[in-house]
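A.B. asks: Protein chains in written order, with my numbering: chain A, 1372 to 1655; chain B, 40 to 313.
Backbone N, C-alpha and C define an ideal beta-carbon position, used for all residues, glycine too.
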Amino acid sequence: MAIIEARNLTYTYPYAESPAFKDVTLRIERGEFILLTGPSGCGKTTLCRCFNGLIPHFYGGKLEGEITVAGLRTIEHPIHEIAQHVGLVFQNPENQLFALTIEKDVAFGLENLGLPRDEMRRRVDWALKVTGIYDLKNRAPFEVFGGQQQRVAIASVLAMQPEVIVLDEPTSFLDPLSARNILGVINRLNKELGITIILVEHRLDLASRYANRVIVMNEGQIILDGEPRKVFLENEAALIGVGIPKVVRLYMLLKRAGLNIGRVPLSPEELSKSIMEALIFDRG
Amino acid sequence: MIEVEDVYFTYPNGVEALKGVSLKITSGEFVAIMGQNGAGKTTLVKHFNGLLKPTKGKVLVDDVDTRHVSVATLARKVGFVFQNPDHQLFSETVEDEISFALKNFGFDEKTIRDRVDWALNILDLTRYRKTSPFMLSGGERKRVALASVLAWDPKILILDEPSIGQDRNQKERLRQFILQMNHQGKTVVIVTHDIEFVAECEPRVILMANGKIVADGDAKSVLTDPDLIAKSWLLLPEITNVLLNLNDLGFPTNVMDVFEAGDLIIERTGWARK
């Protein structure tokens, strides 16, 4: 069942001369892990803003076509209603956090829902545990490191128990180890809780192993859409500007040199294993 | 030349960010200071333009002790581009932003105009001349911040996390731009945890952890050393990881370039086309 469905969607910001994206038709099924990528200014962030109603309710402008999220036509429902179905996590956690303690930050969205106290406490504790920051709940969000701040931002969204979480470059301010760990947390939300994930990322090297589908945008249009290995294999040239992972580039290089080494790798471990197998096979 | 002599720095809240750092960066060098968030990288480079003064020890910039000069005086020589451009930008148009410092430094109008045109052009911002910086994307705002510093032609350029928010093409442009600046004789210091970006630039790498320098050497020897990388809480380059897993087969592990790795594997297997 589709959780997000867009038909011939075109959007133009107020006073903009041309649309940020045009004629986008897209169907996202419940439980998918989508990696959305493309060069800066390609329209991916703008598209994400449609998923939770920020467009058109907050940004204004002109939205043409149809978009339905979790069964709601976003144009007919206010942001706070859509927010119960779709959570949004931004690039820089500093822009999202503001409360005196991590626990209060995570509880903030729920307070606005008017939930009973017990239910609120239960959900906050749960979200803090899932994201691995329960022990930090009494600390101030500004005292902890970037990776932990981003976990707070994710927990705040998670506490709303949304069906979809959209994350707009959530790792770009993080050091590599924190980035890898955050992507692990996001993967668990998808695999263990069944939450639909839409992850906007430039770092395909770290993220593509988790996704069942990669969508590439350029100049306001979707240019590629499919299973990551298939997209990387068939569209190397179109992906040069997007930053195809280095393990995929090495794989292509070896393949072109005549090496037969199995399927497209999505991690260094996968590529090493294929090379190893090819070598042993060659000796035998 | 930047000389850091046994520098300690403690923030007012008691956090000891630098614990005995010594290093020398000579004119015209290209250096990447790496380490995880909180390792002390940004604290260290804020000493290079006098924004922070050592709690103990001293920093000399071209033989001048930073404790005895103002940030404004040092700024003429040391340009600092912050990680978050929003901490730096404030003007109504991109053009005003870039000309602001030039006016303060007292350049004449023609020079200002030429420098602004040059900076807009080199960072691919000409079409945004009359745009408000706050209408631009994060990556574009970072370029405006860089342009506004570059315009006054400082001898030493310090870039804090320049590759954040930049897509693949912009990163490649940034890399070429940095190499070009360095080639023209500028000292370039970048603070970053973008391993793949550094692997492609191949600067001298200074690795920091817990307020200390844990390694200092060429990019290849530092970034492909698993023990050093683990100790500083970073990740190895992807390609290094691939070859490290093939260590049992006798492949060298100090490789981080796709083509070099490809050559090694093809050579070993004899599959290369003759």
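For the beta strand (DSSP E) containing E42 (chain B), name the first residue and the last one.
C.D. replies: Here the beta strand (DSSP E) through E42 (chain B) covers 41–49.
A.B. asks: Say the cut is 7 Å; is the CB of G96 (chain B) nearer than that to a heavy atom of the ligand NAP?
C.D. replies: The ligand NAP is not part of the structure shown, which contains no ligands of any sort.
A.B. asks: Excluding the five sequence neighbours on either side, which residues of its own chain have a C-beta within less than 6 Å of the C-beta of I268 (chain B), listed in chain order?
C.D. replies: Once the five neighbours on either side are set aside, the close Cβ partners of I268 (chain B) are L275.
A.B. asks: How long is the line joining the alpha carbons of Y1384 (chain A) and G1432 (chain A), rounded to whole angstroms?
C.D. replies: Going from the Cα of Y1384 (chain A) to the Cα of G1432 (chain A) covers about 5 Å.
A.B. asks: At 3 residues or longer, what runs of the beta strand (DSSP E) sit wholly inside the segment 1392–1471 of chain A?
C.D. replies: Complete beta strand (DSSP E) runs here, min 3: 1392–1400, 1404–1408, 1433–1440, 1457–1460.
A.B. asks: Quick one: what's got a C-beta closer than 6 Å to E42 (chain B)'s C-beta in the same chain, skipping five residues either side?
C.D. replies: Taken in chain order, the residues that qualify are K63, L99.
A.B. asks: By the three-class DSSP mapping on this structure, what secondary structure does A1377 (chain A) have?
C.D. replies: A1377 (chain A): strand per DSSP, three-state reduction.
A.B. asks: What are the start and end residues of the alpha helix (DSSP H) that includes V110 (chain B)?
C.D. replies: Unbroken alpha helix (DSSP H) run through V110 (chain B): 110–114.
A.B. asks: Compute the Euclidean distance between the alpha carbons of R154 (chain B) and A190 (chain B), then round it to the nearest angstrom.
C.D. replies: Each residue's alpha carbon lies about 6 Å from the other.
A.B. asks: Quick one: what does DSSP say G59 (chain B) is sitting in, helix, strand or coil?
C.D. replies: The answer is strand: DSSP assigns G59 (chain B) an E or B state.
A.B. asks: Count the other CB atoms, across all protein chains shown, that sit within 10 Å of the CB of V129 (chain B); report buried if there are 16 or more and exposed otherwise.
C.D. replies: The sequence shown places Phe at residue 129 (chain B), rather than the Val named in the question. F129 (chain B) comes out exposed.
A.B. asks: Look at the alpha carbon of H348 (chain B) and the alpha carbon of V70 (chain B), and state the distance between them as a whole number of angstroms.
C.D. replies: This structure leaves residue 348 (chain B) out entirely; chain B is present only between 40 and 313.
A.B. asks: Please name the residues in the segment 1635–1651 of chain A whose beta-carbon is closer than 7 Å to at least one beta-carbon of chain B, in chain order.
C.D. replies: Under the 7 Å Cβ criterion, the segment 1635–1651 of chain A contributes P1639, E1640, L1642, S1643, I1646, M1647, L1650.
A.B. asks: Would a C-beta distance cut-off of 8 Å place L1545 (chain A) and A1526 (chain A) closer than the cut-off?
C.D. replies: In this structure, A1526 (chain A) does not lie closer than 8 Å to L1545 (chain A) by Cβ.
A.B. asks: Taking A248 (chain B) as the reference, which of B:G53, B:G74, B:G59 has the closest Cα?
C.D. replies: The residue with the shortest Cα to Cα distance from A248 (chain B) is B:G74.
A.B. asks: Use the C-beta contact count for T150 (chain B): other C-beta atoms within 10 angstroms, 16 or more gives buried, fewer gives exposed.
C.D. replies: So T150 (chain B) ends up on the exposed side.
A.B. asks: State the start and end residues of the unbroken alpha helix (DSSP H) segment that holds D1476 (chain A).
C.D. replies: From DSSP, the alpha helix (DSSP H) with D1476 (chain A) extends over 1473–1482.
A.B. asks: Let me make sure I understand the geometry here. Which of A:I1453, A:G1503, A:V1523 has the alpha-carbon closest to that of F1429 (chain A)?
C.D. replies: Checked all of A:I1453, A:G1503, A:V1523; the closest Cα to F1429 (chain A) is A:I1453.
A.B. asks: Spell out the partners DSSP gives L1569 (chain A) in its beta bridges.
C.D. replies: Before going further, note that residue 1569 (chain A) is Ile rather than Leu in the sequence given. BP columns for I1569 (chain A) point to A:I1405, A:V1537.
A.B. asks: Would S1411 (chain A) pass as a contact of Q127 (chain B) if the rule is Cβ separation under 8 Å?
C.D. replies: No, these two residues do not count as a Cβ contact at 8 Å.
A.B. asks: Report the CB separation of V294 (chain B) from L303 (chain B) in whole angstroms; it is logged as a contact under 8 Å.
C.D. replies: About 7 Å; that satisfies the 8 Å criterion.
A.B. asks: Please go through the same chain and pick out, in chain order, the residues whose beta-carbon is closer than 7 Å to the beta-carbon of E68 (chain B), but skip the five residues on each side of it.
C.D. replies: The residues are T226, R243.
A.B. asks: Which complete alpha helix (DSSP H) runs does the segment 111–188 of chain B hold, if anything under 4 residues is left out?
C.D. replies: For the segment 111–188 of chain B, whole alpha helix (DSSP H) runs of length 4 or above, ordered along the chain, are 133–143, 148–161.
A.B. asks: Alpha carbon to alpha carbon, what distance is there between L1418 (chain A) and E1474 (chain A)?
C.D. replies: One C-alpha to the other measures close to 31 Å.
A.B. asks: Determine the contact status of V281 (chain B) and L1624 (chain A), defining contact as a CB-CB distance below 8 Å.
C.D. replies: In this structure, L1624 (chain A) does not lie closer than 8 Å to V281 (chain B) by Cβ.
A.B. asks: At the level of alpha carbons, what is the spacing between R1315 (chain A) and L1484 (chain A)?
C.D. replies: With chain A represented from 1372 up to 1655, any question about residue 1315 (chain A) goes unanswered, as that position is not in the structure.
A.B. asks: Between K1617 (chain A) and chain B, is any beta-carbon pair separated by less than 8 Å?
C.D. replies: Interface residue, yes.
A.B. asks: Return helix, strand or coil for Q1519 (chain A), following the three-state DSSP convention.
C.D. replies: Helix, per DSSP.
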